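Trainee: In my numbering, the protein residues as written are 50 to 353.
Where is the CB? At the ideal position from N, CA and C, for every residue including glycine.
Owing to the predicted nature of the structure, the values given are computational and were not obtained by experimental measurement.
(1) In the DSSP assignment, the alpha helix (DSSP H) including residue 145 goes from what residue to what residue?
(2) Relative to the alpha-carbon of residue 290, which residue among 94, 100, 315, 85 has its alpha-carbon at the smallest distance?
(3) Tell me which residues share the same chain as residue 353 and place their Cβ nearer than 6 Å to its Cβ, disregarding the 5 neighbours each side in the sequence.
(4) Starting from residue 232, follow the alpha helix (DSSP H) in both directions and report where the run begins and ends.
(5) Three or more beta-carbon pairs under 8 Å between the region 185-200 and the region 89-109, yes or no?
(6) Mapping the DSSP letters down to three states, classify residue 174 as helix, strand or coil.
(7) Determine, using beta carbons only, whether residue 274 and residue 129 come nearer to each other than 9 Å.
(8) When the Cα of residue 238 is compared with those of 117, 161, 95, which residue comes out closest?
(9) With DSSP run on the structure shown, which of helix, strand or coil describes residue 214?
(10) Give me the residue from 61, 94, 122 with the minimum Cα distance to residue 261.
(11) Considering only the beta carbon of each residue, do residue 78 and residue 253 sit closer than 9 Å?
(12) Closer than 7 Å by C-beta to residue 160: which residues in its own chain qualify, once you throw out the five before and the five after it? Chain order, please.
(13) Please return the same chain residues whose Cβ sits closer than 7 Å to the Cβ of residue 216, not counting the five positions on each side in sequence.
(14) Determine whether the beta carbon atoms of residue 227 and residue 134 lie at a separation below 9 Å.
(15) Can you grab the Cα-Cα spacing for the pair residue 120 / residue 236, in whole Å?
(16) Taking DSSP as the reference, what is the three-state secondary structure of residue 111?
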């Protein structure tokens with residue numbers, strides 16, 4: 050029989066891992082369609098699709114939460130702006146200037162650092178030295194993957210325009226992580242997501258219209274429709290639901306650590322889908338990230 054406290058943690062870990070697995074394809078998609086769909090349009094289609102897919106499941110229960118929604122409209126606006134409109138738009142802008150692996154590495158390395166800082170500063174979350182140790186080990190694993198084990202390559206690394214956009218996106222995602230912890234208790238998880246998705250779509254709407262008049266028209270195809278569906282259902286609806294539930298169980302800084310798994314999963318997907326060869330460096334970096342996650346989630350690392 051698993052104690053309730055441990056069960057809560059196990060579920061939180063599983064949910065975070067599921068979200069990381071699905072999100073690992075987001076950077077590949079962002080890069081692959083960068084020449085076909087402008088960044089704001091891609092983000093707009095993604096969240097519009099997610100909102101439409103979620104609508105039938107919230108329509109009946111939406112009315113009973115209206116008072117909570119009205120009372121917290123400012124909070125809901127800022128969550129939607131940071132986690133939906135800005136973060137993902139910056140990811141897709143970055144896809145026009147840098148590689149998918151750079152996007153995954155920079156995003157997953159920096160976001161947990163930002164999230165840990167915000168959790169300590171604004172949520173007064175106690176960050177134990179053991180959790181910091183786990184975070185540092187995770188970052189070492191990502192840096193090892195980034196450098197491919199070459200110190201010269203690491204020293205020669207320079208931030209491109211796309212890398213800076215990705216770093217800015219990671220900052221806003223960390224803000225979103227911190228704010229989700231304060232989700233109003235009377236608001237259901239599905240209604241919360243629907244409001245965030247819908248508000249994010251509305252925030253993007255005027256910029257989407259502007260982009261339509263200043264960019265080449267999108268050439269639609271069955272594969273592009275499939276990608277939008279994947280983004281709306283997988284990387285939006287399923288992933289955000291899992292991630293938010295993980296934050297509720299583990300807290301923002303602990304959950305953010307699991308983002309370090311994204312480039313590891315991306316490497317595995319490259320092997321399975323693109324027939325790329327897995328090398329020792331991938332195994333070693335993966336083991337470092339997993340070791341860091343285990344240390345950061347030990348009871349001693351999170352006890353008050």
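Mentor: The structure says:
(1) It is not in any alpha helix (DSSP H) - residue 145 carries neither H nor E in the DSSP assignment.
(2) Of the candidates 94, 100, 315, 85, the one whose C-alpha sits nearest the C-alpha of residue 290 is 100.
(3) Residue placement at residue 353 is flagged as unreliable, the pLDDT there being 49, under the threshold of 50; a coordinate-derived value is accordingly withheld.
(4) Here residue 232 belongs to no alpha helix (DSSP H), and DSSP marks it neither H nor E.
(5) No: the two stretches stay apart, fewer than three of their Cβ pairs being nearer than 8 Å.
(6) Three-state result, residue 174: coil.
(7) In this structure, residue 129 does not lie closer than 9 Å to residue 274 by Cβ.
(8) Comparing Cα positions, the closest option is 117.
(9) The answer is helix: DSSP assigns residue 214 an H, G or I state.
(10) With respect to the C-alpha of residue 261, the residue from 61, 94, 122 having the closest C-alpha is 94.
(11) Contact flag unset, no.
(12) Listed in chain order, the non-local C-beta contacts of residue 160 below 7 Å within the same chain comprise 219, 222, 223, 305, 308, local neighbours out to five positions each way being set aside.
(13) Excluding sequence neighbours, residue 216 sits near 155, 159.
(14) No, these two residues do not count as a Cβ contact at 9 Å.
(15) Approximately 11 Å, taken between the alpha carbons.
(16) In this structure, residue 111 counts as coil in the three-state DSSP scheme.
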